[in-house]
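The structure appears right after this line, and notes come after that.
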């Protein structure tokens, strides 16, 4: 019986020792056929250094494809020189016992070598040297199982090594909470985030570190509520964003099944560059690059939502209003001072307009030197006052561009939504008509439907 800590190599050696005693051979050698012309020596009894070469270029003489007998005699010439050169005796009789038909993962068999003094008596078969045909048929599947176990363990060890290499080297943080033990395995990226050491840590230590890290997040209260189900639901799956310091982490957690027990995995992905890019793209998609105001498309998106909400009616209480303003004589500014100066004037007009509007108002560059404002939920009096503030803030002082002080004024058209059925485009048409009336009446003034 093998020790509980024995290895597949120990079992193979014990197998070869038993065969050696039974056959009285001088050498028993275990082989694995890795490829048709590649043989790997696994171990031998006695343990001798046959070769420093881990793979032999040798086609085994018997395989399932050849259809030959399980036991085949080998001449000295048929033995690879790597075997004969390393023997401390002169080889005579040699037998190869093929076990490939019984292996699931590995092919091959074992070679028994006697010295020159050994001879097989007349009337005896080759198998008789190993205890007879029945013994050979019993040994073959046993050997195949032992080699399979060895290859399985090597593959498992290789897979484990590859897993640990990937686990420790990936830039994403990974935490695997054991299903059967109160421990968790943490890779280097997760350890750096949570302030722990990579490797195995007690589950309670992990829980404390994760709780402390979440409490440092800008959205700690939101996360506390989001993770509450994990206390009672072992099947809970959750994806959340942790806003920590200047970074954004996408944290994915879900249960995993390990040996019939439920564990849990946590994946931490630093998506800060992605979030920043998304913000830039949203900014570029929705904002005018010169003034920083909403562009026309973004304005329509927001205004359409406001116009689709239930309206309190056309009474002089709370209504939507649109303001359109156009910089007076802007072409003359460009012609006289140049387009860079005109751009500076546009930016300053946008800044001044924002300074006198409420947070809920929507200001956008409508096109060229024209701006548009959605005044949300407002009375006619406050709408008129807001339009007047937009006008007066422009001509209170000139716009300074280098050494030039450029006087700026705007013409303003105001339109309150007349009813809950009036569309955004219809209200814009009335505001635009009032704007042109303001220009025709001398500019630098506000005109609404009542004027």
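Numbering (the working numbering), first residue to last: 3 to 453.
Even glycine gets a Cβ: it sits at the ideal position worked out from N, Cα and C.
Identity of the residues DSSP links to residue i by a beta bridge
i, result
"residue 270", "175 and 253"
"residue 60", "Note: residue 60 sits in no beta bridge, so no partner."
"residue 413", "328"
"residue 93", "117"
"residue 367", "373"
"residue 46", "31"
"residue 100", "111"
"residue 407", "402"
"residue 296", "289 and 366"
"residue 258", "265"
"residue 380", "321"
Of the residues the options, the one placed nearest residue i, counting alpha carbons only
i, options, result
"residue 432", "323, 412, 354 and 422", "323"
"residue 96", "351, 338, 85 and 291", "85"
"residue 332", "394, 430 and 348", "348"
"residue 306", "87, 47, 59 and 423", "423"
"residue 302", "365, 285 and 338", "365"
"residue 117", "31, 110, 255 and 91", "91"
"residue 413", "438, 115 and 430", "438"
"residue 127", "156, 74 and 101", "74"
"residue 205", "443, 178 and 215", "178"
"residue 449", "133, 247 and 387", "387"
"residue 226", "235, 242, 237 and 236", "242"
"residue 244", "217, 263, 233 and 147", "217"
"residue 268", "193, 256 and 279", "256"
"residue 418", "410, 427 and 411", "427"
"residue 390", "403, 400, 369 and 359", "359"
"residue 453", "397, 398 and 382", "382"
"residue 239", "376, 246 and 229", "229"
"residue 27", "79, 61 and 129", "129"
"residue 434", "173, 416, 163 and 421", "416"
"residue 279", "250, 403, 354 and 161", "250"
"residue 62", "40, 180, 283 and 224", "40"
"residue 254", "139, 175, 12 and 401", "175"
"residue 11", "59, 106, 156 and 38", "156"
"residue 264", "380, 237, 33 and 421", "237"
"residue 343", "298, 421, 273 and 404", "404"
"residue 277", "259, 258, 248 and 291", "248"
"residue 425", "115, 203, 37 and 311", "311"
"residue 173", "135, 102, 272 and 286", "272"
Integer Cβ distance of residue i from residue j, believed to fall under 8 Å
i, j, result
"residue 112", "residue 21", "7 Å"
"residue 330", "residue 436", "Between residue 436 and residue 330 the Cβ distance is about 15 Å, and since that is not below 8 Å, they are no contact."
"residue 45", "residue 18", "7 Å"
"residue 367", "residue 293", "5 Å"
"residue 35", "residue 88", "With 8 Å as the limit, residue 35 and residue 88 do not qualify as a contact, their Cβ atoms being about 20 Å apart."
"residue 378", "residue 362", "5 Å"
"residue 327", "residue 376", "Contact doesn't hold; Cβ gap of about 13 Å is too wide."
"residue 72", "residue 100", "5 Å"
"residue 395", "residue 354", "5 Å"
"residue 133", "residue 24", "5 Å"
"residue 190", "residue 200", "5 Å"
"residue 214", "residue 198", "With a Cβ gap of about 11 Å, residue 214 and residue 198 do not count as contacting."
"residue 270", "residue 192", "6 Å"
Collapsed DSSP secondary structure at residue i in the structure displayed
i, result
"residue 278", "helix"
"residue 155", "helix"
"residue 160", "helix"
"residue 76", "strand"
"residue 40", "strand"
"residue 263", "strand"
"residue 446", "coil"
"residue 166", "helix"
"residue 452", "coil"
"residue 418", "strand"
"residue 390", "helix"
"residue 14", "helix"
"residue 135", "helix"
"residue 428", "helix"
"residue 82", "coil"
"residue 439", "helix"
"residue 434", "helix"
"residue 181", "coil"
"residue 88", "coil"
"residue 24", "helix"
"residue 106", "coil"
"residue 127", "coil"
"residue 385", "helix"
"residue 146", "helix"
Cβ-heavy atom distance, residue i to the ligand GDP, below 7 Å
i, result
"residue 131", "No copy of the ligand GDP occurs in the structure displayed, which carries no ligand at all."
Item to check | Completely contained beta strand (DSSP E) runs for the segment 298-364, where each covers 3 or more residues | outcome: Runs found: 321-329.
Item to check | Those runs of the beta strand (DSSP E) which lie wholly inside the segment 185-253 and span at least 3 residues | outcome: Fully contained in the segment 185-253 are the following beta strand (DSSP E) runs of length 3 or more, in chain order: 185-188, 201-204 and 240-246.
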